[in-house]
Amino acid sequence: MKSEQKHWTKAELQVYILMLCANADSNVTQEELELIKSKTDKNTFNKISQEFSEDTEEESLEKIQDNLVLHEYSHKELMALRKEMFEVFFSDKKFNQMENTLDKILNNILY
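With full-length UniProt numbering, letter number 79 in the sequence shown gets 79, and the count goes up by one each step, no holes.
Next comes the structure, spelled out in structure tokens:
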């Protein structure tokens with residue numbers, strides 16, 4: 001079932017993607033949350049965090065894909081986003097199989 005399309009700003013989409021990265025191993029740490037919070041304002045974080053908590057992984061990927069087409073990202077912006085994704089992935093000094101799989105999926109969606 002396709003939910004109503006929500007249009008996010010680039011900042012909201014960034015937070016949503018980073019939340020998905022933090023949740024890749026099904027264990028969102030306080031360090032990951034603090035890192036994501038440092039990249040946005042409190043209202044945006046709270047709004048997107050609430051929405052993310054209500055979505056399945058499939059819904060999350062669909063929302064990301066739908067919103068990416070609404071924004072024209074430059075190569076430089078995509079590289080910066082990928083860097084932030086890896087900051088979240090490696091915040092616990094590990095890069096496990098689930099994070100690697102999500103990285104490949106997001107890489108295909110982003111490019």
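Every residue, glycine too, gets a C-beta built ideally from N, C-alpha and C. Quantities reported herein were computed from a predicted structural model and do not represent experimental measurements.
Indicate whether residue i and residue j have their beta-carbon atoms separated by less than 8 Å.
| i | j | result |
| --- | --- | --- |
| leucine 81 | isoleucine 17 | yes |
| histidine 71 | lysine 6 | no |
| valine 69 | leucine 35 | no |
According to DSSP, simplified to helix, strand and coil, what is residue i?
| i | result |
| --- | --- |
| phenylalanine 86 | helix |
| valine 28 | coil |
| glutamate 72 | coil |
| tyrosine 111 | coil |
| glutamate 54 | coil |
| asparagine 96 | coil |
| aspartate 103 | helix |
Here's the rule I'm using: 16 or more other beta-carbon atoms within 10 Å means buried, otherwise exposed. How should residue i be labelled?
| i | result |
| --- | --- |
| phenylalanine 90 | exposed |
| methionine 79 | exposed |
| glutamine 14 | buried |
Report the option in the options whose CA atom is closest to the CA atom of residue i.
| i | options | result |
| --- | --- | --- |
| asparagine 96 | Val15, Gln14 and Ala22 | Ala22 |
| isoleucine 105 | Tyr73, Lys76 and Ile64 | Ile64 |
| isoleucine 109 | Tyr73, Val88 and Lys93 | Tyr73 |
| residue 148 | Lys76, Asp41, Ser38 and Glu51 | The chain is shown from 1 up to 111; residue 148 falls before or after that span and cannot be answered. |
| phenylalanine 45 | Glu77, Lys94, Trp8 and Asp92 | Trp8 |
### Message
I want to know whether the region 92-106 touches the region 24-39 - three or more CB-CB distances under 8 Å.
### Response
The region 92-106 is in contact with the region 24-39.
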